[in-house]
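In the working numbering, the protein residues as written are 46 to 440.
Positions of the beta carbon are idealized from the N, C-alpha and C atoms, including for glycine.
Heads up: the structure comes next, in structure tokens.
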Ligand SMILES: Cc1cc2nc3c(=O)[nH]c(=O)nc-3n(C[C@H](O)[C@H](O)[C@H](O)COP(=O)(O)OP(=O)(O)OC[C@H]3O[C@@H](n4cnc5c(N)ncnc54)[C@H](O)[C@@H]3O)c2cc1C
């Protein structure tokens, strides 16, 4: 049984290891376009490798997998995040769970994961052909079984070859990016983070809550990346230009109004600049009151009229900006789109058009927000593909 894996990244390498652990006689060769395995794993989580998530804070899978949630739900029955954590621990990679649900190696070093994988590849005699970019499946006709684990784009030639064989390929687009805003005023606040804010794109369903980071070009941080993921196809269609509303408080207008009025009622003789009812960073509170009240931001609360309060509320809950472009995000980026899930058997990840052809990882039209969800998708799809191959040919 000769198995070819195209791509030596997270899912390709994990597939090879899982298959060899199911059947040590399988002959596995990884074809890797670059001269190195697991490059993204090395960079992942800022070098710490956010390898999975506890999912304890996840209400709906579609909140963390904007594309592929249903498929992930069904695949988790075969290899869940808990199975992943157990796999790592059983293979000597101790893990540390953070309160926010993210899971890292205890060493806080992606090399712990890489060294574990590389030593297993060696022990199991998995062959690797470096600097070998596969451009069509037909190239690998000598193999009994082929696994496409090529990650995100660009992979035009291979995608074209898959499309020619009948597969649906959804246009690959970037996800998890920061927003460039046409807002010079915010530049002075660069470096500030705002916890529990909300972003929404007017006249769409795209909205998200979380922690926001102000940068010198616009906004970033987990909240911005989450919205970029939810709205990735929409924003691409709009050439990354769109109105954007920032709700700095994360609360709805009525809650916000009530809190502001309560605070104002009990602090009438205080300067507006000396209160901070929503515990925002002080410089942000100053920016919002100056934007709303101009010179009178220096006054006492008792001097405010109803119009002032309404302007303040609008700027707190519904501050309007324009996204003028997408900015690079160094921490993590993934591809939205890829092989259509309709082209696959949902239980085995085998192609519906070419037998003995399987897909794993980011090559599929599955992608997640930040937090360990993308690597989890890589591990789960790789395990499922390995078990499917094992059951079909070897078991
Ligand atoms: C900077 C960065 C940080 C990240 N941090 C995290 C994180 O902390 N947590 C998380 O969950 N996710 C993170 N991700 C996302 C995660 O790394 C990917 O989702 C995951 O690696 C996908 O695994 P994969 O096997 O599908 O693809 P990859 O790991 O990208 O591997 C694909 C491999 O295929 C090779 N290849 C491509 N085309 C061909 C071809 N035609 N022939 C041969 N070889 C080919 C590539 O060279 C590559 O080695 C991060 C991504 C980036 C870029």
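Collapsed DSSP secondary structure at residue i in the structure displayed
| i | result |
| --- | --- |
| residue 412 | strand |
| residue 81 | coil |
| residue 376 | coil |
| residue 307 | helix |
| residue 332 | helix |
| residue 68 | coil |
| residue 279 | helix |
| residue 448 | As displayed, the chain neither begins before 46 nor continues past 440, which places residue 448 out of reach and without an answer. |
| residue 121 | helix |
| residue 75 | strand |
| residue 93 | coil |
| residue 345 | strand |
| residue 320 | coil |
| residue 100 | coil |
| residue 140 | strand |
| residue 160 | helix |
| residue 403 | strand |
| residue 105 | coil |
| residue 292 | strand |
| residue 273 | helix |
| residue 56 | helix |
| residue 150 | strand |
| residue 287 | strand |
Residue from the options with nearest C-alpha to residue i
| i | options | result |
| --- | --- | --- |
| residue 225 | 209, 258, 247, 252 | 258 |
| residue 320 | 343, 356, 88 | 343 |
| residue 131 | 144, 117, 148 | 148 |
| residue 284 | 291, 294, 292, 273 | 273 |
| residue 192 | 58, 366, 337 | 58 |
| residue 267 | 240, 298, 261 | 240 |
| residue 210 | 182, 223, 301 | 182 |
| residue 118 | 438, 426, 433, 435 | 426 |
| residue 110 | 340, 123, 324, 276 | 276 |
| residue 367 | 262, 355, 413, 410 | 262 |
| residue 373 | 123, 213, 353, 221 | 221 |
| residue 299 | 246, 112, 355, 108 | 355 |
| residue 345 | 353, 317, 329, 325 | 317 |
| residue 121 | 438, 436, 286, 430 | 430 |
| residue 235 | 219, 249, 260, 242 | 260 |
| residue 435 | 69, 54, 53 | 69 |
| residue 150 | 290, 415, 89 | 89 |
| residue 146 | 115, 168, 103 | 103 |
| residue 247 | 237, 230, 269, 290 | 290 |
| residue 167 | 185, 208, 415, 74 | 74 |
| residue 315 | 348, 414, 54, 279 | 348 |
| residue 195 | 184, 54, 218 | 54 |
| residue 61 | 172, 156, 142 | 172 |
| residue 421 | 169, 232, 95 | 95 |
| residue 297 | 310, 244, 63 | 244 |
| residue 324 | 114, 208, 115, 238 | 238 |
| residue 353 | 108, 337, 137 | 337 |
| residue 204 | 424, 408, 437, 419 | 408 |
| residue 187 | 432, 406, 170, 47 | 47 |
| residue 189 | 339, 424, 413, 72 | 72 |
Secondary structure, alpha helix (DSSP H): runs of 4+ residues fully inside the region 354 to 398:
The DSSP assignment places no complete alpha helix (DSSP H) segment of no fewer than 4 residues inside the region 354 to 398.
Quick test of the definition: if touching needs 3 or more C-beta pairs under 8 Å, does the region 90 to 103 touch the region 127 to 141?
Segment contact: the region 90 to 103 against the region 127 to 141, three or more CB-CB distances shorter than 8 Å; contact assigned.
Considering only residues of the region 168 to 255, which uninterrupted beta strand (DSSP E) runs meet the minimum length of 3 residues and lie entirely inside it, listed in chain order?
Look at the region 168 to 255 and you find these whole runs of beta strand (DSSP E), each 3 residues long or longer: 172 to 174, 190 to 193, 214 to 220, 223 to 226, 238 to 245.
Hey, is the region 395 to 413 in contact with the region 369 to 385, meaning 3+ C-beta pairs nearer than 8 Å?
Touching, per the Cβ criterion.
Is there contact between the region 298 to 309 and the region 370 to 382, where contact requires at least three CB pairs shorter than 8 Å?
With the cut-off at 8 Å, the region 298 to 309 and the region 370 to 382 do not touch.
Could you say if the region 184 to 202 and the region 253 to 271 meet the contact criterion of at least three C-beta pairs nearer than 8 Å?
Because the criterion of three Cβ pairs below 8 Å is not met, the region 184 to 202 and the region 253 to 271 do not touch.
Do three or more CB pairs link the region 174 to 182 to the region 71 to 79 at distances below 8 Å?
Touching, yes.
The region 349 to 363 in contact with the region 322 to 333 per 3-pair CB rule at 8 Å
Short answer: they touch.
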